[in-house]
Every structure is written in C-alpha cells, then in structure tokens.
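First comes the structure, then the notes that go with it.
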Amino acid sequence: MDIDFELHTDAEGNITVSVVPDNGNTFTVPAGMTPQERDLAINAFVETQRALDS
Amino acid sequence: MTYIATYLSNLSDQELSEVKAALALMFPKVNIGTTPPTHSDDSSQGYTVNSKWLNSATGIEYICRDATLGAASWVRQDNADFFGYVSGRYYHGMIAVVSAGSTPGANSIRLHPIVVKERVTISELGARVTTAEVGKSFQLAIYASDPATKLPTGNALGSTANMSAGATGAMTAALGANVALEPGLYWAAILGDVTSAVFQSFGSNSTNISAFLGGAASQVASGATSSIAYLSTAGTFGTWPDLTSATFSYGNSNAYASIFFKAA
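As you go down the protein sequences, you meet chains C and P in turn. As numbered in my numbering, residues 1472 to 1525 make up the first sequence, in order. As numbered in my numbering, residues 348 to 611 make up the second sequence, in order.
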C-alpha cells in the first residue's frame, strides 16, 4: 500500500511530518534550519518510512 | 392610538382575527436569538410563514416556510445547500475537481477564489505539493474581495510561515493568528521562491473565476485557451502586499495551487 505524508508547519515555523495512514511515526524539523537542511532532513525521514512500508 | 384602540375594541372576534392575520402577513414575527429555530417554534409562538429568525451567535438567518403547530419548518437563508463547518476539519472553499498543476514560479502571487458559506474562524491554510523542489519554500495567505470589483483587496487577512516545497504531500500551516470570516467571497493565495515545484490545482480550464467574476464569452466558455483559472500579480517571496491597487493578470494554465483552510 502506498503511503502519503502530511507536513504541518506551526506558527513558529516548526514542521511536523506525519505518515498517512498513521503508523505512529512522526518527525519534527525545528524552525531555523536552512531550507536545504530542512528538506534533506524531511526527505531522509520520508525515505525511511517508505522503506519500512515496502 | 386612542382611535386605533377604540376601533379594535369594536371589532367582533372574527374581525379581530382577520386583522391579526393581516398584520401577521405584513409584519411576520422576527426573532433574534442565540440558537437555531426548532419545529416547536411554530404558530403557537406567534410565528407565521415568512417569519425571520437570526441566530446572532452564528450570524445565520432562517425563514419560516411552514408554521404548523409542532412541525414548523425553518430554512437557512443562502445556505440551503451547505450544512455547516465542523471545528478541526479542513475544507476547500469551492466544489471543484482537483488535477495536476504546473509550477507557479517564483515571486508571483497566484490567487483563486473561495466562498465562505457561513461565519467561520480559520486557523490554517494548506495545499498539496505534487512535485518537490528541495531547498525551496512557499507561503499561503487569504485576502478579502472588493465588494464592487470582486477582486482581491487590502492586506492579507492572514498568512502562514514558510512551508517546505522540498517534499511531496499535504502541506498545512498555522496562520499567524486565527482569522474570523463572515460569509462571502475571498481569495486564497500562494507565493514562493519555487522554480520547478508543482502543486495540485483546480485545472487549467477552470470555471472558478468566471463563475464569480464574469468575463468575456471566450473567457467564460470552458476549454477555451483564454478561459480563466487564476489571478496573478507580482510579489516578493516572504512579503504579502496590500492588493488594493494591484493589477491582476488572468491565468489560463494550471500554474497555481488549490488551497484549503481549516475551521478552528
């Protein structure tokens, strides 16, 4: 089954990544990272979750 | 007043009843409360067909279509096809088919209309990234519409912090502060520094804007290359300008984002 991701940014700029359907795993990227660092961190989590799902 | 009192006192019960009925037709009972009407708000309470009821807590108005005892029927005005926002849920502001988009590009504000059907406080905006662009970001905002032109106007009513365009998925973000919206037309906007990131949109030959703004026949006709899908105006990523005097271009591609909101 394919999984999807939800990324929620709070008012301070912190980003929480959730897996859909929910597998209990989330990942938070704190505000203040450079966009490049932020996205590398997010995609590392995403790839890990896809590997777990496959 | 003395004359009226004397006149009424000389009427028979039948005549008085007819006068009351005539007055009810001319001046149906109006109620302002903090709850919606029920089936029991009927003729026994003085309501008649065409009575009005305003729920001041929600701003929703009702009209009485049938005042039958114990079975009164009240219909929400302007919202007979809408049944209310539920706190905590996300909503699109239009009923439309989503489809693949194309990149809106950098420093270009892309706006599409949304309709708020009843008073609602929103806490977040969201969009779906379908093609990621690592290291790039975007923000979302909501604007009021000008009552005369229907175009976006004023400063943004609310906007988000930077959101990542570097991964695919449903992206949501809190507004700087919750925004209370009255029913009406609003504009949802995206502005980013993206050059290749793609967002889900409502398509390139949408009737979204023509349904609200009107336009030339070639713009309103579906499938025409000149049909209108979104508005755009120049911007600078990170800054939401006052759009009161902005000049808008009508976009006929899918290079924008279908933006949704969250009911607080």
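Where is the CB? At the ideal position from N, CA and C, for every residue including glycine.
- The segment 521-540 of chain P makes no contact with the segment 548-555 of chain P, as fewer than three CB pairs between them are under 8 Å.
- Chain order gives the chain P residues near C:Phe1476 as Ala514, Thr515, Gly516, Ala517, where near means a beta carbon separation below 8 Å.
- In the DSSP assignment, P:Leu560 falls within the alpha helix (DSSP H) that extends over 555-560.
- For C:Gly1484, the closest Cβ of chain P is nearer than 9 Å.
- Listed in chain order, the positions of the segment 477-507 of chain P with a beta carbon within less than 8 Å of a beta carbon of chain C are Ala479, Val481, Gly482, Lys483, Ser484, Thr507.
- Unbroken beta strand (DSSP E) stretches of 3 residues or longer found wholly inside the segment 375-408 of chain P: 377-380, 399-402, given in chain order.
- Per DSSP, reduced to three states, the secondary structure at P:Ala503 is strand.
- Interface annotation, C:Gln1507: in contact with chain P, CB-CB separation under 9 Å.
- Counting every other CB atom within 10 Å of its CB across the protein chains shown gives C:Val1488 a total of 16 or more, marking it as buried.
- With respect to chain P, the C-beta atom of C:Asp1510 has a partner C-beta closer than 9 Å.
- Here P:Lys483 is buried, its C-beta having at least 16 other C-beta atoms within 10 Å.
- Contacts with chain C (Cβ-Cβ distance below 7 Å) from the segment 534-565 of chain P involve no residue at all.
- Counting the other Cβ atoms within 10 Å of the Cβ of P:His386 gives fewer than 16, which makes it exposed.
- Between P:Arg466 and P:Ile556, the gap from beta carbon to beta carbon reaches 9 Å or more.
- Relative to the Cα of P:Ala517, the nearest Cα in the group P:Thr478, P:Gly473, P:Leu498, P:Asn509 belongs to P:Gly473.
- Around the beta carbon of C:Asp1510, 16 or more other beta carbons sit within 10 angstroms, so the residue counts as buried.
- Taking C-beta separations shorter than 8 Å and ignoring five residues to either side along the sequence, the partners of P:Arg436 in its chain run Lys609, Ala610, following chain order.
- Inclusion of P:Asn454 and P:Thr583 in the CB contact set at 9 Å is warranted, their separation being smaller than that value.
- Under the three-state reduction of DSSP output, P:Arg466 falls in the coil class, being neither helix nor strand.
- In this structure, the straight-line span from the alpha carbon of C:Thr1497 to that of C:Phe1476 is close to 10 Å.
- In this structure, the beta-carbon distance from P:Ser548 to P:Ala447 falls below 9 Å.
- Between the segment 1510-1519 of chain C and the segment 357-375 of chain P, the count of C-beta pairs closer than 8 Å stays below three; the two stretches do not touch.
- Of the other Cβ atoms in all chains shown, 16 or more fall within 10 Å of the Cβ of P:Gln486; this residue is therefore buried.
- At the C-beta level, P:Ala520 and C:His1479 come within 9 Å of one another.
- For P:Ile351, the number of other beta carbons within 10 angstroms of its own is below 16, and it is reported as exposed.
- Between the alpha carbons of P:Ala427 and P:Lys464 lies a distance of about 10 Å.
- Remark: C-beta atoms of P:Ser449 and P:Thr415 do not approach each other more closely than 9 Å.
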